[in-house]
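Working notes for the structure below.
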Amino acid sequence: IGTEKAGGAEENFLQVTPDSTRVYVDEESTGGFAVGKIGAVSGLQNFMYLRKENYFIGHNSGKLTTGLYNLFLGYESGFSNTTGESNTFLGHRTGYSNDVGVNNVFIGKEAGYSNTGSDYNTFIGYQAGYNAHASSYNTAVGYQAGFSVTNWQGGAFLGWEAGKFTTGRQNVFLGATAGRAFTTGDDNVCIGGGAGGSNDSPFVEATGDKNIFIGYQTGYKSGPAAHNVIVGHQTAFGGTYITGSNNVYLGEGAGNQSGSASDNVFIGFNAGLNETASDRLYIANSDTDFPLIYGDFELSRLAFNGSVGINRKAYSNVSLAISPNDLNYGIYVDAGSTTYAAYFNGDAYATGTWNSSDKRWKKNISTLNSSLDKIIKLRGVTFDWNIERYPDKGFDNSIQIGVIAQEVEKVLPELVKTDTDGYKAVAYDKLTAVLIEAVKEQQKQIEELKEKNNTLSAQVSEIDALKAEMNELKAMVKEIAGVTKESKSESAK
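With our numbering as the guide, the letters of the sequence shown map in order to residues 84 to 576.
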């Protein structure tokens with residue numbers, strides 16, 4: 084079947100041979116090849132319509148199309164398409180309502196069915212992107228994946244009902260029912276079956292932004308939560324719906340009861356499992372209330388429930404072991420604006436201590452005066468700590484030896500410090516300087532007494548010598564007196 088060209092040559096439109104059937108069209112014509120039937124009332128119904136600009140295969144596929152470079156395959160696929168171009172729709176009623184959208188790829192029954200005003204999308208699977216509207220640059224793969232995307236840009240859904248109800252933007256939901264709970268939230272990432280995908284009754288919408296949920300049913304009960312990073316099998320799965328924000332949970336079961344808590348960091352298997360407060364840090368491998376590392380961000384507190392080693396191995400019988408290596412100091416503590424730089428509840432053991440004392444660091448140096456008099460005014464006492472009244476101080480219950488701060492303050496106020504609660508402390512080490520000068524003053528007194536004693540000793544020696552001389556004189560006098568008496572007796576005879 085054909086026609087005759089100018090010059091007498093024939094041009095075939097339909098050519099049937101033993102091995103093929105060929106249909107030819109005029110390349111300068113706007114016509115094409117169609118297979119259809121005559122309508123029951125009037126007109127034709129196309130089953131297949133092929134042109135060089137568009138290929139439509141399926142009953143009423145591309146029926147209204149004036150746009151170019153489309154491929155529609157399936158019953159009523161691209162049915163409403165008018166000026167839409169460069170689209171590929173494969174499946175029963177796929178892209179049915181697409182009108183002006185361009186560069187879309189819809190594969191699967193009713194994929195992109197209600198799509199209007201949306202460009203550059205890829206929807207693969209039964210009813211994937213079913214209600215897409217004014218959404219572009221999205222990818223949805225799986226049964227009802229991205230089912231309700233509206234005003235949505237740059238999202239990716241992979242898995243059965245992944246992101247089924249979302250109308251948010253720039254979301255990534257990978258896994259069966261992943262992100263199913265999200266409706267209006269933007270910039271969320273859910274990876275794993277059921278991650279951020281609650282389907283409980285009553286259904287609670289997840290409306291938060293910028294969440295990352297990775298793992299099977301992780302963040303399953305997500306509500307209006309935002310800025311959370313939750314990773315692990317069923318992490319933050321139990322308890323109430325997640326309404327808190329700015330949390331980081333890493334590990335299976337971590338933060339499962341956190342609910343409305345915010346600003347938490349839980350790391351490890353079941354870390355912070357039963358914690359419901361905010362601003363907490365847990366690093367553990369169980370649901371213990373005493374994790375290896377615990378913190379309170381609000382109060383700026385950090386607790387280590389174990390031994391710690393810095394620049395060296397931790398010891399089982401030492402809470403904190405520090406090696407300075409090539410540094411000058413192993414530990415440095417600055418009191419800042421507080422009363423004390425450190426507080427030790429109990430005895431401290433050391434093999435050596437040093438205090439800064441270089442003369443180059445000092446000025447206005449003067450020797451202490453009247454130190455002995457000041458020491459004499461102090462008293463050393465024995466005492467017991469008042470444990471009953473101050474049980475939180477950890478006082479020792481043995482007999483103590485020391486001084487009384489209030490008494491020392493009257494004599495040496497420089498050695499007494501008062502904290503913000505009014506309690507006083509004594510710098511016992513600085514008493515050494517006072518004792519040094521007191522000993523020197525006492526030694527001076529001793530030397531003076533020695534000198535006086537030596538003088539007195541010399542005087543005593545002189546007295547003893549005089550006494551000896553006197554005794555000698557007495558003896559001589561007595562002897563002379565005896566001789567005289569004898570002479571008188573003889574004269575009397």
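Every residue, glycine too, gets a C-beta built ideally from N, C-alpha and C.
With C-beta atoms as the reference, is N137 less than 8 Å away from L156?
No; because the gap between Cβ atoms is not below 8 Å, this pair is not in contact.
So for Q526, helix, strand or coil by DSSP?
Correct three-state label for Q526: helix.
Buried or exposed: which applies to E335, given that a residue is buried once 16 or more other Cβ atoms fall within 10 Å of its Cβ?
Label assigned to E335: buried.
What residues in its chain sit with their C-beta under 6 Å from that of L364, if we drop five residues either side in the sequence?
Around L364: V348 and G378.
If T149 sits next to T165, beta carbons under 8 Å apart, how far is it from one beta carbon to the other, in whole angstroms?
With 8 Å as the limit, T149 and T165 qualify as a contact, their Cβ atoms being about 6 Å apart.
Cα separation between G126 and L173?
Low local confidence applies: a pLDDT of 48 at G126 is under 50, so the model's placement there is unreliable, with the coordinate-based value given in what follows. In a straight line, the C-alpha of G126 is about 26 Å away from that of L173.
Measure the C-alpha to C-alpha separation of S144 and T266 and round it to an integer number of angstroms.
Roughly 32 Å separates the two Cα atoms.
Per DSSP, which one or two residues make a beta bridge with A418?
A418 pairs with nothing; no bridge assigned.
Going by alpha carbons, who is nearest to S449 out of Y473, A424, E520 and W437?
Cα-wise, what sits closest to S449 is E520.
Taking a contact to mean a Cβ-Cβ separation below 8 Å, would you say S169 touches N153 in this structure?
A contact, by the Cβ cut-off of 8 Å.
Taking the C-alpha atoms as reference points, what is the distance between A123 and K146?
Residue placement at A123 is poorly supported in this model, since its pLDDT is 48, which falls under 50; the coordinates still yield a value, given next. Approximately 17 Å between the Cα atoms of the pair.
Which residue's Cα is closest to the Cα of L518: S406, R395, H216 and K457?
The shortest Cα separation from L518 among S406, R395, H216 and K457 belongs to K457.
Checking 8 Å against the spacing of the C-beta atoms, do A308 and G327 come in under that value?
Closer than 8 Å, so yes.
Of all the alpha helix (DSSP H) runs that stay within the bounds of the stretch 390 to 455, which reach a length of 4 or more residues?
Taking only runs of at least 4 residues, no alpha helix (DSSP H) segment lies wholly in the stretch 390 to 455.
Could you spell out the range, first to last residue, of the beta strand (DSSP E) harbouring A488?
No beta strand (DSSP E) contains A488, which is instead part of the alpha helix (DSSP H) from A488 to V494.
Kindly list the residues whose CB is nearer than 8 Å to the CB of V491, restricted to its own chain and excluding five residues on each side of it in sequence; keep chain order.
Counting only Cβ-Cβ distances below 8 Å, and skipping sequence neighbours, we find L461, L498, V499 and V509.
Take I297 and list the residues in its own chain whose beta-carbon comes closer than 7 Å to its own, dropping the five residues that flank it on each side.
The answer, listed in chain order, is I274, G275, A278 and V314.
Grab the span of the beta strand (DSSP E) containing L154 for me, first residue to last.
Its beta strand (DSSP E) spans residues N153 to L156.
How many angstroms separate the CA atom of N408 from the CA atom of Y415?
For N408 and Y415, the distance between alpha carbons rounds to 14 Å.
What is the DSSP secondary structure of L518, counted as helix, strand or coil?
L518 falls in the helix class under three-state DSSP.
What's the gap between the Cα of S440 and the Cα of T515?
Their backbone Cα atoms lie some 14 Å apart in a straight line.
To the nearest angstrom, how far is the alpha carbon of Y420 from that of T503?
With the sequence shown as reference, residue 420 is identified as Ser, and Tyr is not the correct amino acid for it. Straight-line Cα distance between these residues: approximately 11 Å.
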